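Going by the working numbering, the sequence shown opens with residue 217, and the numbers climb by one from there.
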Amino acid sequence: MRQQKTLTLKTLTKSNVWEVQENDIFRMWEAASKDADFKDNRRHYFDVVRSAFEMEEVKIDRPEVIKKYEARDFKVGILQNDENDHTKWAIKKRPIKRVTDLTYENIRHISATTLIEVLERNFGGGWDSLSQSIQDIIESGFDISTTTLPKDRLHKPGGMYEKKINDGFEVLEIPKGAWVEAIFAKEKPEMEKPEMHKEDSDLRDKDYDDEDDEEEDDLPDSKYGDDEDDDDFDEDKLTEESYRTTFDTDPEDLYLEAEDVTDDDDN
Numbered sequence: 217m218r219q220q221k222t223l224t225l226k227t228l229t230k231s232n233v234w235e236v237q238e239n240d241i242f243r244m245w246e247a248a249s250k251d252a253d254f255k256d257n258r259r260h261y262f263d264v265v266r267s268a269f270e271m272e273e274v275k276i277d278r279p280e281v282i283k284k285y286e287a288r289d290f291k292v293g294i295l296q297n298d299e300n301d302h303t304k305w306a307i308k309k310r311p312i313k314r315v316t317d318l319t320y321e322n323i324r325h326i327s328a329t330t331l332i333e334v335l336e337r338n339f340g341g342g343w344d345s346l347s348q349s350i351q352d353i354i355e356s357g358f359d360i361s362t363t364t365l366p367k368d369r370l371h372k373p374g375g376m377y378e379k380k381i382n383d384g385f386e387v388l389e390i391p392k393g394a395w396v397e398a399i400f401a402k403e404k405p406e407m408e409k410p411e412m413h414k415e416d417s418d419l420r421d422k423d424y425d426d427e428d429d430e431e432e433d434d435l436p437d438s439k440y441g442d443d444e445d446d447d448d449f450d451e452d453k454l455t456e457e458s459y460r461t462t463f464d465t466d467p468e469d470l471y472l473e474a475e476d477v478t479d480d481d482d483n
């Protein structure tokens, strides 16, 4: 599993909340309740915890009621609103037993072994039987490879199966008659974003400024080009003008010309 960092109620998110257990929630809640801004953030804390835990308020605080919650694998403790509040809550980590329980938030907080167990409980048709959305979620946290081979060839020495196992992959074998589909899964390493120091940032900005200056130097002095080219012979322009068949003429002049032609005809 991934290395866990020390978490507090303030630093919990809907992703890393999957790293903690019920007792952690009660401990972090008690510590955070002493903060001045606790009441303002209490609703937010509940929303984050609820994303990974089932939560039920214990309205009848009696031993027999508590035992019923514990029989359902709930942990019961106090999630107080203030120092005078002793309301008890029953909380339980949401189980990940089916492929539909997998989300982008929790996929990086389960092991490859757990993933294989989830797939084994839900499988029938193999990897392709999963919806594209579930495949995308799984592949966001795991490297996945599949192969389908005859039973007697799957475990052939030096083959893909042996290489994947030696490379740390977990495997699920799905019988398909005389053939077997093997699904290999291995946790993807989390990529940490490199920190950019101020010197690097200043250097990058300087490079951008230099590039902009170079581009401006390449531009002509005006939108019409250099003055030296104004008197150059433009063969394309001459050819275009030579073959023009329309000319700009004032409409009133055309009307007068038409009248003159009519008068000539009458004579």
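Even for Gly, the Cβ is constructed at its ideal location relative to N, Cα and C.
Predicted model, so just to flag it, every value in this text is computed and none were measured.
Query, Result
"How about I326 and I307: are their beta carbons less than 8 Å apart?", "no"
"Report the residue from M376, R314, V292, G393 whose alpha carbon sits nearest the alpha carbon of F385.", "M376"
"Given a threshold of 16 other Cβ atoms within 10 Å of its Cβ, counted over all protein chains shown, does M407 qualify as buried or as exposed?", "exposed"
"D368 to V387, Cα distance in whole Å?", "17 Å"
"What residues in its chain sit with their C-beta under 7 Å from that of V236, if we drop five residues either side in the sequence?", "L223"
"Assign Y261 to one of two classes, buried (16 or more other C-beta atoms within 10 Å of its C-beta) or exposed (fewer than that).", "buried"
"Relative to the alpha-carbon of K275, which residue among D383, I294, V265, R259 has its alpha-carbon at the smallest distance?", "I294"
"Does the beta-carbon distance from K392 to S361 come in below 8 Å?", "no"
"Closer than 8 Å is the cut-off here; do at least three beta carbon pairs connect the segment 267-287 with the segment 231-247?", "yes"
"R310 to A401, Cα distance in whole Å?", "23 Å"
"Buried or exposed for W245, going by 16 or more other Cβ atoms inside 10 Å?", "buried"
"Please classify F269: does DSSP put it in a helix, a strand, or coil?", "strand"
"Taking C-beta to C-beta, are G340 and E397 nearer than 8 Å?", "no"
"Can you tell which of L370, P373, D251, D359 has the C-alpha that lies nearest to the C-alpha of Q296?", "D251"
"Using the beta-carbon count (16 or more within 10 Å), is A328 buried or exposed?", "buried"
"Measuring CB to CB, does T303 end up less than 8 Å from E333?", "no"
"Nearest by alpha-carbon distance to E355: which of P366, P405, K291 is it?", "P405"
"Does the Cβ of G374 have 16 or more other Cβ atoms within 10 Å, making it buried, or fewer, making it exposed?", "exposed"
"Measuring alpha carbon to alpha carbon, tell me which residue in T363, E403, K372, D383 is nearest E389.", "T363"
"Less than 6 Å between C-beta atoms, sequence neighbours within five positions excluded: which residues of the same chain meet that for A248?", "L225, F254"
"How many angstroms separate the CA atom of V264 from the CA atom of D240?", "14 Å"
"Mind checking who A398 pairs with in its DSSP beta bridge?", "T363, E389"
"So what does V274 bridge to, in DSSP terms?", "K304"
"Give the straight-line distance between the Cα atoms of E321 and T330, rounded to the nearest whole angstrom.", "15 Å"
"So, is W395 buried or exposed, given that buried needs 16 or more other C-beta atoms within 10 angstroms?", "exposed"
"Grab me the residues of I282's own chain with a C-beta within less than 6 Å of its C-beta, minus the 5 sequence neighbours each way, in chain order.", "V292"
"Drop a sphere of 10 angstroms on the beta-carbon of E286, count the other beta-carbons inside from all chains shown, and report buried for 16 or more, exposed for fewer.", "exposed"
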